[in-house]
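Below: the structure, in structure tokens.
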Amino acid sequence: MEKHKLSIINSLETNSRRDFIKYLLVGTALSSSVLNRLNASVYQEIISLNKKFIKEESPDGVYWDELRTHYMLEDGIIMMNNGTVGPMPEPVFNTLIDSVKRQCANPYDVYKYFPKKWEEVRVKIAKFINASPDEVVITHNTTEGINFIANGLDLAEGDEVLLSNMEHPGGTHPWNLKKARYGIGIKQVMFGLPPKNVEEIIKSFESAITPRTKVISVSHIVYISGLITPLKELSQMAHEKGILVLADSAHGIGMLDLDMKELGVDFFATSPYKWLGAPTGVGVLYVKKDVQDKLWPTIATRGWETYNDSRKFETLGRRSNPLTIALGEAVDFHNVIGKDRVERRIKTLAGYFKNELKKIPGVILHTSENPYLSGGLTSFSIRGVEPEKIVNYVREKHNIVIRTIGSKERGTYGIRVSTNIYLSMKHIDLLLEGINHVVSHRA
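Numbering (the numbering used here), first residue to last: 898 to 1340.
Listed below in structure tokens is the structure:
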């Protein structure tokens, strides 16, 4: 059997990785050691590319072409909607499958082996976002993290929470529920589409503050427009007035080189299955040490009353260990590439797309062109063109996946494009070709 396993590894030298995945999916028995060797070979290849292309600043070429082969994308699909759910790198998939097999074959490991791995993942995440492990909560997704904050803070009737007009339903409904139960106030702060600069955003929030304002709850990366809210400046202003800041950063981890200390927020919820390549069903919540005593756990079992750190917000009973272990592998994958390199690449692709998109007649950019206020999400509309026509055409013509976003009633309806690192300029050119075709053939 071991010889058979080794022959599969050797086949990677001559056959496509897709063939290997087929072997794995049909149930070929691979040991943990073999899967670890497969992951190590991927990382060694990326490390070699890093050394060879140490000076590159994100152009297309061998580096990104090779990196793309390590994502488990179906042949031919051009995924430009990882802003909803992203594809998984091979090492993450390998680790996920190995952990599932381990749980199925030896349940003893669920309570003896996995808890140690869980804590290792917590440490990895903390380092990845420049936080302490005692400030990291492993959740299911961003929405759960926001609910933990909204439910856990002691707010009295009449206390106010500020939200922008661009929030995701997962960022508004937890506060709506709090309002319905406890009579808190919710004030909406209006964002432009896009805002002109940092000062406009900060002044919009500052002017809405009253003596009853207790929390600012805001999207870090706005799902409708792609705006990156300047959290550092917003937190500085809010903290001077004794106001807590919660960031809904569903898109943040894996897109940006995150630093909790620099951003200064009190709470930060994120979904690593969008840009980081983790499996769905696992999320991250950061709770700053200084404010943990202000927050009650939402779900409790043994431990909530004895932990004096972020773990008291994580007493949720039995969890899916394989998802969390795979999250740790996704962090490893990005670390090997380099967080700064990832962010540069994503912003380079988005910048190229926006520059070319503006040349198309009738285009209205909903996303800022300022790289400090925008990242890998680009939203736009075109006068006289129904967004869904473009979405459907490029999917049928080029197998490009993008999506409509926003609301006609609110004037935010348009198309959203995600530009993750596995894409190339050629992929973006195909999208631009499709958009041009629809525009030129509009009635």
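All C-beta atoms in this analysis are idealised placements derived from N, C-alpha and C, irrespective of residue type, glycine included.
On a predicted model such as this, the values are computed, not experimentally measured, just so you know.
*To the nearest angstrom, report how far apart residue 957 and residue 1123 are at their CA atoms.*
Translated into positions along the sequence shown, residue 957 becomes position 60. Translated into positions along the sequence shown, residue 1123 becomes position 226. Cα to Cα, the separation comes out at about 23 Å.
Shorter than 7 Å, the distance from the beta carbon of residue 1121 to the closest heavy atom of the ligand ATP, or not?
Ligands are entirely absent from the displayed structure, and the ligand ATP is therefore not among its contents.
Considering Cα atoms alone, identify which of 1196, 1247 and 1311 is closest to residue 1319. Here residue 1319 refers to the residue found at position 422 when the sequence shown is read from its first residue. For residue 1319, the nearest C-alpha among the options comes from 1247.
Practice item. Assign residue 1151 to buried or exposed, taking buried as 16 or more other Cβ atoms, counted over all protein chains shown, within 10 Å of its Cβ. Key: Numbered from its first residue, the sequence shown carries residue 1151 at position 254. The residue is buried, with at least 16 neighbouring Cβ atoms inside 10 Å.
Pick helix, strand or coil for residue 1022, following the three-state DSSP scheme.
The residue labelled residue 1022 in the question sits at position 125 within the sequence shown. DSSP places residue 1022 in helix when its eight states are reduced to three.
Please classify residue 1255 as buried or exposed, where buried requires at least 16 neighbouring CB atoms within 10 angstroms. As a working mapping, residue 1255 is identified with position 358 in the sequence shown. Result: exposed.
Practice problem: Quick one: grab the DSSP three-state call for residue 1338. | Solution: Translated into the one-based positions of the sequence shown, residue 1338 becomes position 441. The answer is coil: DSSP assigns residue 1338 none of H, G, I, E or B.
*Following the continuous alpha helix (DSSP H) through residue 1306, name the residue where it begins and the one where it ends.*
Here residue 1306 corresponds to residue number 409 of the sequence shown, with the count starting at 1. Residue 1306 -> no alpha helix (DSSP H), and no H or E assigned at all.
| message | Taking the alpha-carbon of residue 1281 as reference, which of 1265, 1299 and 1260 has the nearest alpha-carbon? | response | Within the sequence shown, residue 1281 is the residue found at index 384, counting from 1. The shortest C-alpha separation from residue 1281 is found at 1260.
From the DSSP output, read off the bridge partner residues of residue 997.
Within the sequence shown, residue 997 is the residue found at index 100, counting from 1. DSSP lists no partner for residue 997.
Practice problem: Mind checking who residue 1115 pairs with in its DSSP beta bridge? | Solution: Taking the sequence shown and counting its residues from 1, one reaches residue 1115 at position 218. Paired residues: 1144.
Task: Cut-off 6 Å between Cβ atoms - residues of its own chain near residue 973, not counting five sequence neighbours on either side - done: Counting from one through the sequence shown, the residue named residue 973 turns up at place 76. Cβ within range, chain order: 1296.
Problem - Cβ neighbour criterion (16 or more within 10 Å) applied to residue 1078 - result: Counting from 1 along the sequence shown, the entry for residue 1078 is found at position 181. Exposed, since its Cβ has fewer than 16 Cβ neighbours within 10 Å.
- Task: May I ask you to list the residues that DSSP assigns as paired with residue 1057?
- Result: Counted from its first residue, the sequence shown places residue 1057 at position 160. According to DSSP, which records beta bridges pairwise, residue 1057 is partnered with 1082 and 1110.
Proximity to residue 928 [Cα-Cα], best of 987, 951 and 1002: Sequence index remark: in the sequence shown, residue 928 carries index 31 (1-based). For the residues 987, 951 and 1002, the minimum Cα distance to residue 928 belongs to 1002.
task = Look up residue 1087 in the DSSP assignment and give the residues it is bridged to.
result = As a first step, residue 1087 is located in the sequence shown; it is residue number 190 there, counting from the start. Residue 1087 pairs with nothing; no bridge assigned.
Where does residue 924 land, buried or exposed, given buried means 16+ other C-beta within 10 angstroms? By 1-based counting over the sequence shown, the position of residue 924 is 27. Bear in mind that the predicted position of residue 924 carries a pLDDT of just 41, short of 50, making it too unreliable to give a figure here.
| query | By how many angstroms is the C-alpha of residue 1209 removed from the C-alpha of residue 1410? | reply | Residue 1410 lies beyond the range of the chain shown here (898 to 1340); nothing can be said about it.
Please tell me whether residue 1099 and residue 1134 are closer than 8 Å, where the distance is taken between their beta carbons.
In the sequence shown, residue 1099 corresponds to position 202, counting from 1. In the sequence shown, residue 1134 corresponds to position 237, counting from 1. Contact flag set, yes.
- request: Compute the Euclidean distance between the alpha carbons of residue 1063 and residue 1158, then round it to the nearest angstrom.
  value: Reading the sequence shown from its first residue, position 166 is the one you call residue 1063. Reading the sequence shown from its first residue, position 261 is the one you call residue 1158. For residue 1063 and residue 1158, the distance between alpha carbons rounds to 25 Å.
Quiz prompt | Given residue 1305 as reference, the closest of 1293, 1283 and 1292 once Cα atoms are compared | solution = Counted from its first residue, the sequence shown places residue 1305 at position 408. The residue with the shortest Cα to Cα distance from residue 1305 is 1283.
Note to self: Which same chain residues end up closer than 8 Å to residue 1213 when comparing Cβ atoms and leaving out the 5 residues on each side of it in sequence?
What the structure shows: Here the question's residue 1213 lines up with position 316 in the sequence shown. Cβ within range, chain order: 1196 and 1198.
Item to complete: Give the single residue among 1024, 1278, 1298 and 1292 whose Cα lies nearest to the Cα of residue 1336.
Response: Translated into the one-based positions of the sequence shown, residue 1336 becomes position 439. For the residues 1024, 1278, 1298 and 1292, the minimum Cα distance to residue 1336 belongs to 1278.
For this session: Taking only the alpha-carbon atoms, compute the straight-line gap between residue 960 and residue 986 and give it to the nearest angstrom.
Result: Counted from its first residue, the sequence shown places residue 960 at position 63. Counted from its first residue, the sequence shown places residue 986 at position 89. Roughly 16 Å between the two C-alpha positions.
Considering only the alpha carbon of each residue, which of 1039, 1097 and 983 lies closest to residue 1071?
By 1-based counting over the sequence shown, the position of residue 1071 is 174. Residue 1071 has its Cα closest to that of 1039, out of 1039, 1097 and 983.
| task | Taking residue 1047 as the reference, give the member of 1018, 1145, 1331 and 1170 with the closest Cα. | result | In the sequence shown, residue 1047 corresponds to position 150, counting from 1. Nearest of 1018, 1145, 1331 and 1170 to residue 1047, Cα basis: 1145.
**Prompt:** According to DSSP, is residue 1316 helix, strand or coil?
**Reply:** The count along the sequence shown starts at 1 and reaches residue 1316 at position 419. In the structure shown, residue 1316 sits in coil (DSSP, three-state: anything other than H, G, I, E or B).
Item checked: Among 1120, 1211 and 1330, the one whose alpha carbon lies nearest that of residue 1302 -> The sequence position of residue 1302 within the sequence shown is 405, counting from 1. Comparing Cα positions, the closest option is 1120.
Original post:
Considering residue 1262, what are the terminal residues of the beta strand (DSSP E) in which it resides?
Top reply: Residue 1262 sits at position 365 when you count from the first residue of the sequence shown. Residue 1262 -> beta strand (DSSP E) spans 1260-1262.
Expected contact under 8 Å - CB spacing of residue 978 and residue 1299 to nearest Å:
Position 81 of the sequence shown, counted from the first residue, corresponds to residue 978. Position 402 of the sequence shown, counted from the first residue, corresponds to residue 1299. Right, their Cβ atoms sit about 6 Å apart.
Q) So which of 1267, 967, 931 and 1180 has the shortest CA-CA distance to residue 942? A) Walking along the sequence shown from the start, residue 942 turns up at place 45. Of 1267, 967, 931 and 1180, the residue nearest in Cα terms is 967.
- Item | Residues that residue 1035 bridges to, as DSSP identifies them | To locate residue 1035, count along the sequence shown from 1; it is residue 138. Paired residue(s): 1181.
Which residue wins for smallest C-alpha separation from residue 892, given the options 999, 951, 1200 and 976? There is no way to answer for residue 892, as the model of the chain reaches only from 898 to 1340.
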